[in-house]
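So the structure is just underneath, and the comments pick up after that.
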Amino acid sequence: MNKEEALEFYKAYNDKCNAYQLALLTMSFDMSTIAPIDGSEYRIQMMSILSGELFEYQTAKENIEKLTELSQMDLGEIMNKEIKLVLKNVNKIALLPKEFYMKMKQVYSQGEITWRKAKKENDYQLFKESLKEIVDITKQAYTYYGIKKSLYDDMLGDFETGMTIEKYEQFFDAIKQRLVPFIKKLNEKGTPIDDSLLHQHFEESKQAQVIDILKKYMGFNQNECYIGTSEHPFTEGFSLHDVRITTKYTEDSLTSSIFSTIHEYGHAIYMLHVDEKLEGLNVGRDMMNGMHESQSRFLENYIAKRKSFWINNFPKVKNIFYEQLKDVTLEQFFQMINVSKPSLIRTEADELTYPLHILIRYELEKEMVNGNVDFEHLDEIWADKYEQYLGIRPHDASVGILQDIHWSAGEFGYFPTYALGSAFGAQFLKTMMNDIDIDEQLEHNHFDIIEQWLREHIHCLGALYQADEIFDKVCHEPFNPNVYIDYLIDKYSKIYRL
Ligand SMILES: [Zn+2]
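Quick look at the structure:
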């Protein structure tokens, strides 16, 4: 093949894969949002036929041979990276024997069903055998892939390229040494903040009006982004000009829908701002989990929890919920949205205690993968760790070890990226502050200046670079977890007058 033929082949191959993927994604988004539940079984059967066809086409011998040939040619920087990425993914799935692949899918589906039942019945014993089986089959899959560094290292690298146990140990050590004692001190000596006014009754229809105000403020463009509702908020990218996010309204909380929508919007603009020349390519959409989370948590915590963000927005929110908020000042609102207290549920944790929830999961899953865990009593080990790090103990498995779906889907190595993303974000914030007076811009309704900075420095790159390369390019220094910890200690010392 010459270069022209190679590019022509790749375009046809990739377009066909994309067409299948777009169909599957649309069906799955529909299923998570508006499709009636009774249609699930039929839909899943039809989706699995389409997935099977895609799998066969992606991994067809002649296609892999051609991709391998392309990987030895010089097709320019972007296409070289694209082929490398695609070949890595395709080769990986092709390494699993079909029967094993089917078995694994079945263990995960069954695992999720068992997990849901166990969570509902608040009984870890119902899930423990299933969890053990999930860990075993996931480990077996990695044996087929060929273990490169160590089992858990490889898993970590699959969720954030370049991350290893060694790097995470440094990261979590810093959290243990500096943040754990700080949180303890804050709980003992901080000036308490009462946020009960944020937990009155807030009608859903009016909360939607608040979201409309924020959409306007953030320059939300409904021609390329859609907002729906779902049980668990999420974001799905369909193309560079079509991203969907969902939110969830909880009537006993004013801020839950606000911050979850802003979080998902952070994921959305990351996808919408990728450089046009990466349209349709894997390097235009396969951003790693830690980087993605750095962008969502950036908007949620580093922008939307600043006082300046609310200077013009809070009076409008107050107008909508006048009865509930008539006595609340901007300063009080700012304090209430930044309340920190140890809690049992990760997804509801505040910015300061959040990384400890992740630390606990990291320590447990590392032991699980390394085969050092007593599955029989894992729920108790979980509870012990909450007591050790957060000073509170879950007495129910449903708000303890059974609260998250990830392990039931065989996702080991995923959790750490949540804390890592927050830490990445803090360093991007520090860099942005050298260029922009963020508070000045937010106060004067110039959210677009913030967005533009993110677009130019980070979003436009898509998945062309891994995190350490982005740090070089954007921050001109390597990732340093202490920037994140400094930020948290500084912010919360002020809020709690320590
Ligand atoms: Zn997220």
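Position one of the sequence shown corresponds to residue 1 (the working numbering), numbered consecutively onward.
Glycine is no exception: its CB is placed at the ideal position from the N, C-alpha and C atoms.
Small disclaimer: the values here were computed from a predicted structure and weren't measured.
If you check the beta carbons only, do residue i and residue j fall under 9 Å apart?
i	j	result
residue 168	residue 416	yes
residue 104	residue 410	yes
residue 264	residue 305	no
residue 300	residue 262	yes
residue 364	residue 419	no
residue 342	residue 480	no
residue 50	residue 13	no
residue 156	residue 413	yes
residue 273	residue 459	yes
residue 9	residue 70	yes
residue 144	residue 97	yes
residue 139	residue 328	no
residue 401	residue 383	yes
residue 290	residue 190	no
residue 159	residue 288	yes
residue 74	residue 11	no
residue 33	residue 219	no
residue 207	residue 254	yes
residue 217	residue 447	yes
Can you list, in chain order, the residues of its chain whose CB lies under 6 Å from that of residue i, leaving out five sequence neighbours each side?
i	result
residue 439	308
residue 471	478, 479
residue 268	225, 235, 243, 245
residue 346	357
residue 271	237, 243
residue 132	375
residue 429	302
residue 130	111, 114
Using CA coordinates, which residue listed in the options is at the minimum distance from residue i?
i	options	result
residue 196	184, 252, 349, 219	252
residue 136	107, 149, 176, 352	107
residue 88	67, 274, 441, 76	67
residue 406	18, 271, 112, 24	112
residue 247	260, 483, 255	260
residue 379	210, 123, 286	123
residue 161	467, 34, 475, 33	467
residue 150	159, 164, 141	164
residue 134	408, 271, 457	408
residue 497	177, 37, 185, 434	185
residue 475	431, 442, 34	431
residue 424	58, 484, 93, 62	484
residue 444	257, 312, 166, 398	312
residue 321	73, 170, 202, 115	202
residue 473	490, 454, 126	454
residue 488	34, 179, 128, 125	179
residue 183	115, 392, 293	392
residue 516	204, 29, 127, 229	Nothing about residue 516 can be read from this structure; the chain reaches only from 1 to 498.
residue 22	285, 435, 339, 318	285
residue 353	389, 210, 127	389
residue 258	277, 239, 276, 198	198
residue 499	338, 314, 129, 115	The requested residue 499 does not occur in the structure, where the chain is confined to residues 1 to 498.
residue 200	92, 239, 256, 5	256
residue 395	433, 404, 344	344
In the DSSP assignment, what are the bridge partners of residue i?
i	result
residue 245	227, 235
Going along the chain, which residues of its own chain have a beta-carbon closer than 7 Å to the beta-carbon of residue i, five neighbours each way excluded?
i	result
residue 367	373
residue 283	78, 81, 82, 85, 462, 463, 464
residue 172	359, 362
residue 335	193, 495
residue 316	213
residue 493	none
residue 310	330, 333, 334
residue 231	248
residue 482	174
residue 141	96, 104
residue 94	59, 64
residue 119	398, 402
residue 233	246, 247, 248, 260, 264
Might you give, ordered along the chain, the residues of its own chain that have their beta carbon closer than 8 Å to the beta carbon of residue i, omitting 5 neighbours on each side?
i	result
residue 266	295, 296, 297, 298, 299, 300
residue 385	360, 363, 364
residue 15	280
residue 490	none
residue 275	284, 460, 461, 462
residue 435	453
Any heavy atom of ligand 1 within less than 6 Å of residue CB: hits in chain order | In chain order, the qualifying residues are 263, 267, 293, 296.
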